[in-house]
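The structure under discussion appears below in the form of structure tokens.
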Amino acid sequence: MSNFIDRKQILEEFLNNIFRLSDEKYQERVWVKAEGPECNEIDDAVCDFFDDGDPILEEYKDFRITEHQYKLLMILHKKLRAFTDAFDVYSPYRSTEKLIQLPQWQEIRNIAKKVIRTFDFKKQ
Numbered sequence: 036m037s038n039f040i041d042r043k044q045i046l047e048e049f050l051n052n053i054f055r056l057s058d059e060k061y062q063e064r065v066w067v068k069a070e071g072p073e074c075n076e077i078d079d080a081v082c083d084f085f086d087d088g089d090p091i092l093e094e095y096k097d098f099r100i101t102e103h104q105y106k107l108l109m110i111l112h113k114k115l116r117a118f119t120d121a122f123d124v125y126s127p128y129r130s131t132e133k134l135i136q137l138p139q140w141q142e143i144r145n146i147a148k149k150v151i152r153t154f155d156f157k158k159q
């Protein structure tokens, strides 16, 4: 039972991060304007997605993720990886404001919204 509860909490935090990837208002407020109370940046969210998500995706059945949910998560993973490779998200010289206005980021945001819907996730 404890493992299931741990996995549920891990998955919930992962989905919280995906919610941040899906939420344009959050990104403007926190990432661009630095208006808390949250303290988060685009590179934090991207790192968290891969750091938390890769182990979850490797063992997705243990997290009770359906095939449909898994496929959507993998699409998001692929698009986010391509975006980070193409646009140097981790560079201190990049503009978050410009990054989140790119059509590629808007596509990522839309896929993240689909993921949130398929999990019927409500932000905590």
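The numbering of the sequence shown is the working numbering, which starts it at 36 and goes up by one.
Virtual Cβ for every residue (Gly too), placed ideally from N, Cα, C.
None of the values given here were measured: they were computed from a predicted structure.
Taken in chain order, the whole beta strand (DSSP E) runs of length 3 or more contained in the segment 96-146 number zero. When secondary structure is reduced to three states using DSSP, lysine 68 falls in the coil class, being assigned neither helix nor strand.
Taking the Cα of leucine 50 as reference, the smallest distance to any Cα among Ala69, Leu107, Lys133 is reached at Leu107.
With a 10 Å radius around the Cβ and a threshold of 16 neighbouring Cβ atoms, arginine 55 comes out buried. Here threonine 131 is near valine 67, since their CB atoms are less than 7 Å apart.
Three or more Cβ pairs closer than 8 Å define a contact, and the segment 101-120 meets that threshold against the segment 137-152. Ranked by Cα distance from glutamate 59, the options Lys43, Gln44, Asp87, Ile77 are led by Ile77.
Separation of isoleucine 135 and arginine 129 (C-alpha to C-alpha, rounded to the nearest whole angstrom) is 11 Å. In this chain, the alpha helix (DSSP H) harbouring aspartate 86 covers 77-93. Taking a 10 Å sphere around the C-beta of glutamine 44, we find fewer than 16 other C-beta atoms and assign the residue as exposed. In this structure, the alpha-carbon of glutamate 73 lies about 28 Å from that of tyrosine 105. Taking 7 Å as the cut-off, the beta carbon of serine 57 is found no closer than this to the beta carbon of alanine 121.
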